[in-house]
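In the numbering used here, the protein residues as written are 511 to 934. Written below as structure tokens is the structure these notes are about.
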């Protein structure tokens with residue numbers, strides 16, 4: 511059976527922990543989109559890890575971890591991350607990399623950085639990981655697949671053609687040093703040696719596994735509101751963050767996904783620019799940020815302080831609908847234990863009218879949050895294993911959200927560790 515674990519919001523919802531949990535019973539864990547531009551934090555018996563490219567099943571020796579064809583593969587970062595995991599005592603994971611995955615080129619990172627510089631105060635808040643130039647090249651059909659590394663003559667010929675275009679950009683738009691084709695070719699030959707032990711026809715591998723009834727997890731990066739079609743465009747990522755794209759980015763049949771687990775936090779947070787209706791500021795945001803997560807709400811990739819806000823029922827219900835979620839996991843409930851009162855956004859006021867539908871970006875810019883206030887639970891809830899053992903106010907908060915988002919909350923996370931979870 512294939513199960514997808516995806517984000518319902520702006521990312522940073524706690525998907526890494528949930529994937530790590532489910533991976534305990536999975537045969538295969540597949541990353542199907544994105545690259546090293548966002549991190550999934552997991553805490554288990556081996557320690558704390560901020561994974562960027564590796565699937566969140568790498569701490570499970572029995573699982574096969576696959577980097578799917580939809581991933582932006584930064585080969586040096588992949589190798590470095592794998593070494594950092596094994597250095598902490600994790601047994602060498604069983605990893606396969608799709609031969610159809612495309613390679614993050616050194617100039618993608620440069621172009622990402624240069625474009626943000628050019629945009630100045632109008633920039634997109636990129637992590638400067640090369641993601642936008644990478645996916646632009648992929649769909650312009652001038653990207654390089656992993657399999658291309660093993661055909662050096664054809665690779666060299668294509669490199670010369672592509673670098674001709676890139677050098678025009680570098681010279682006339684960004685006024686930066688040009689790409690040396692010989693140097694780049696030699697770099698790619700080094701990449702080939704790095705990645706060769708892991709390369710496989712993962713599509714054939716996964717299709718065989720489905721026929722054999724294996725348990726397969728699809729792991730998404732970021733969340734619904736960062737999807738380039740359905741999110742807060744243009745302040746989005748460059749690959750689809752929806753479970754439906756998992757069939758493309760992992761190379762599996764369209765009808766194979768049977769369960770979709772959408773993860774959402776008990777409050778809101780976001781990294782980067784874009785509309786964020788329930789956002790809070792100043793001291794109120796600082797308190798929430800510093801109570802959030804295991805070490806505060808700071809980006810796992812960038813270290814940037816996350817923007818903070820109250821739980822947004824409008825955005826979350828929309829995100830869950832876009833994902834087609836069959837169940838919802840609510841994370842980080844314990845992080846709200848300092849509040850006397852907890853606000854929840856239940857609607858948007860736009861031009862004097864209240865809506866519960868998530869609008870396009872132009873209308874979103876004008877939206878004001880409609881807030882309700884619920885009593886806080888003011889109690890350390892870590893270690894509680896049963897829902898009915900939670901303080902009544904905490905139970906009521908979860909039930910209120912469940913009603914508003916119109917989807918079953920099957921698990922509530924009350925701490926960052928794998929075992930700190932309440933099943934309903």
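Glycine included, each C-beta is placed from N, C-alpha and C at the ideal position.
Residue of the options minimising C-alpha distance to residue i
{"i": "residue 732", "options": "602, 714, 779 and 767", "result": "779"}
{"i": "residue 553", "options": "527, 539, 564 and 572", "result": "527"}
{"i": "residue 688", "options": "815, 832 and 620", "result": "620"}
{"i": "residue 737", "options": "659, 825, 796 and 669", "result": "825"}
{"i": "residue 564", "options": "558, 592 and 572", "result": "592"}
{"i": "residue 756", "options": "536, 713 and 532", "result": "713"}
{"i": "residue 568", "options": "660, 727, 930 and 807", "result": "727"}
{"i": "residue 822", "options": "913, 628 and 895", "result": "913"}
{"i": "residue 861", "options": "875, 842, 540 and 843", "result": "875"}
{"i": "residue 831", "options": "868, 555, 742 and 577", "result": "868"}
{"i": "residue 539", "options": "828, 910, 686 and 512", "result": "512"}
{"i": "residue 707", "options": "909, 624, 895 and 602", "result": "602"}
{"i": "residue 746", "options": "781, 723, 758 and 918", "result": "781"}
{"i": "residue 828", "options": "721, 741, 725 and 562", "result": "741"}
Same chain, Cβ closer than 6 Å to residue i, neighbours up to 5 away in sequence not counted
{"i": "residue 653", "result": "612 and 647"}
{"i": "residue 887", "result": "901, 903 and 904"}
{"i": "residue 680", "result": "686 and 688"}
Limits of the unbroken beta strand (DSSP E) element including residue i
{"i": "residue 608", "result": "604 to 608"}
{"i": "residue 918", "result": "Premise fails: residue 918 is in no beta strand (DSSP E) and is neither H nor E."}
{"i": "residue 864", "result": "863 to 865"}
Where the alpha helix (DSSP H) through residue i begins and ends
{"i": "residue 719", "result": "712 to 721"}
{"i": "residue 529", "result": "525 to 532"}
{"i": "residue 841", "result": "From DSSP, residue 841 is part of no alpha helix (DSSP H) but of the beta strand (DSSP E) over 837 to 841."}
{"i": "residue 798", "result": "792 to 801"}
Residue i and residue j closer than 8 Å at C-beta
{"i": "residue 524", "j": "residue 775", "result": "yes"}
{"i": "residue 878", "j": "residue 859", "result": "yes"}
{"i": "residue 923", "j": "residue 833", "result": "no"}
{"i": "residue 907", "j": "residue 921", "result": "no"}
{"i": "residue 786", "j": "residue 814", "result": "no"}
{"i": "residue 892", "j": "residue 916", "result": "no"}
{"i": "residue 695", "j": "residue 666", "result": "yes"}
{"i": "residue 836", "j": "residue 770", "result": "yes"}
{"i": "residue 581", "j": "residue 549", "result": "no"}
{"i": "residue 761", "j": "residue 716", "result": "yes"}
{"i": "residue 709", "j": "residue 584", "result": "no"}
{"i": "residue 536", "j": "residue 772", "result": "no"}
{"i": "residue 575", "j": "residue 604", "result": "yes"}
{"i": "residue 659", "j": "residue 701", "result": "yes"}
{"i": "residue 751", "j": "residue 516", "result": "yes"}
{"i": "residue 705", "j": "residue 607", "result": "yes"}
{"i": "residue 533", "j": "residue 570", "result": "yes"}
Same chain, Cβ closer than 8 Å to residue i, five either side skipped, listed in chain order
{"i": "residue 820", "result": "777, 778, 788, 790, 852, 853, 854, 855, 879 and 881"}
Local Cβ density within 10 Å of residue i, reported as buried at 16 or more and exposed below that
{"i": "residue 675", "result": "exposed"}
{"i": "residue 807", "result": "buried"}
{"i": "residue 579", "result": "buried"}
{"i": "residue 624", "result": "buried"}
{"i": "residue 628", "result": "exposed"}
{"i": "residue 729", "result": "buried"}
{"i": "residue 555", "result": "exposed"}
Residue i beta carbon near the ligand NAP (any heavy atom closer than 7 Å)
{"i": "residue 642", "result": "The ligand NAP is not among the ligands present in this structure, which contains no ligands whatsoever."}
Same chain, Cβ closer than 7 Å to residue i, five either side skipped, listed in chain order
{"i": "residue 617", "result": "676 and 689"}
{"i": "residue 885", "result": "851 and 903"}
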